[in-house]
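Scroll down for the structure; my scribbles are underneath it.
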Amino acid sequence: MAFRVYAVDLSQVRSAVQSRVPWYEVPDLSHLDYIDTKNKIPELAKKKALAYYELYKDKIPNKDYITVFDASSVSGKPRLHLIHIPTGVIESYLVAHGKGSDRNHDGYAEKFSNQLNSNATSLGFYITEATYMGGNGYSLRLKGLESTNSNAYARAIVIHGAGYVDAKMAAVQNKVGRSQGCPAVETKYAKSVINKIKNGSVFYIWSL
């Protein structure tokens, strides 16, 4: 099952961009001020995610959720944020980044890559697709929408549960284990997270 959604097309906001207004400043987001009133998500990440949603919402099948993975935060903190658009409520979960993004395993992603065999996290906008049962159990395919994540399919970058994403480890070491580039979550939450955001919702991996 494939959904046709695009990466940011500056031709849609050409006049503003020519005036040096960033594309994410163009949509009016004032009607979404009820979202994340406790500021769990970095302001710029949230603004870009909501602006993308506003620009493309007519093409987005699952309009109930937007997901923001704050890859600038340490892995021992809940940094996978599910935004429930109807209510503005935020659910936050632990999530792993790739080994290639954190070679010294200090909990911080420092390098991002779209290359095959990099084992790194890839930044940018994705659209969620269909679920399947694989080697990591119930999983959710991601389609990369930008040059920074266009190899998501070839690299098998998916959302799945993983035992190395462990709350006890996070509490003691302020980090969780690393993936091969997938945004892996705690196994006990994987099914719930996947079922909420599957079938065509916006998934955004962001870093400073």
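Using this note's numbering, the letters of the sequence shown map in sequence onto residues -10 to 197.
Where is the CB? At the ideal position from N, CA and C, for every residue including glycine.
Handout entry: C-alpha distance - residue 133 paired with residue 162, whole-angstrom precision
Key = 31 Å
Exercise for the section: Any chance you could list the alpha helix (DSSP H) runs of at least 4 consecutive residues sitting entirely within the region 101 to 186, in chain order? Expected result: 156 to 162, 176 to 186
Practice task
Report the option in 47, 28, 98 whose CA atom is closest to the CA atom of residue 196.
Solution key: 98
Problem - Counterpart residues of residue 80 in DSSP-defined beta bridges - result: 71
Handout entry: For residue 54: DSSP bridge partner residues
Key = 73
Problem - Sequence-distant residues of the same chain with beta carbon closer than 8 Å to residue -10, five excluded per side - result: Only weak support is given to the placement of residue -10: the predicted model assigns it a pLDDT of 38, under 50, and the value that follows is read from those uncertain coordinates. Around residue -10: 118, 119, 188.
Exercise for the section: Report the three-state DSSP secondary structure of residue -10 (helix, strand or coil). Expected result: In this predicted model, residue -10 has a pLDDT of only 38, less than 50, meaning its place in the structure is not dependable enough to derive any value.
Problem - Unbroken beta strand (DSSP E) run spanning residue 45, endpoints - result: First-last for residue 45: 32 to 45, but that is the alpha helix (DSSP H), not the beta strand (DSSP E).
Handout entry: Close beta carbons around residue 65, own chain, < 7 Å, minus the five adjacent residues each side
Key = 96, 159, 162, 163, 164, 165
Exercise for the section: Specify, as a first and last residue, the run of the beta strand (DSSP E) that residue 191 falls within. Expected result: 191 to 195
Handout entry: Collapsed DSSP secondary structure at residue 65 in the structure displayed
Key = coil
Handout entry: Bridge partners - residue 59, DSSP secondary structure assignment
Key = 195
Handout entry: Cutoff 6 Å; reference residue 172; Cβ partners in own chain excluding five residues on either side
Key = 58, 84, 148
Practice task
Could you pull out every residue in the same chain whose Cβ sits closer than 8 Å to the Cβ of residue 75, ignoring the five residues on either side in sequence?
Solution key: 53
Problem - Whole-angstrom distance between residue 180 and residue 123, CA atom to CA atom - result: 13 Å
Exercise for the section: Indicate whether at least one CB of chain C lies closer than 7 Å to the CB of residue 143. Expected result: No chain C appears in the structure shown, which is made up of a single protein chain.
Exercise for the section: Might you give, ordered along the chain, the residues of its own chain that have their beta carbon closer than 6 Å to the beta carbon of residue 38, omitting 5 neighbours on each side? Expected result: 55, 57, 193
Practice task
Kindly indicate which three-state DSSP category residue 254 falls into: helix, strand or coil?
Solution key: The structure shown does not extend to residue 254, since the chain is modelled only from -10 to 197, so the question has no answer here.
Handout entry: Spatially closest choice to residue 155 from 31, 174, 23, 130, by CA coordinates
Key = 174
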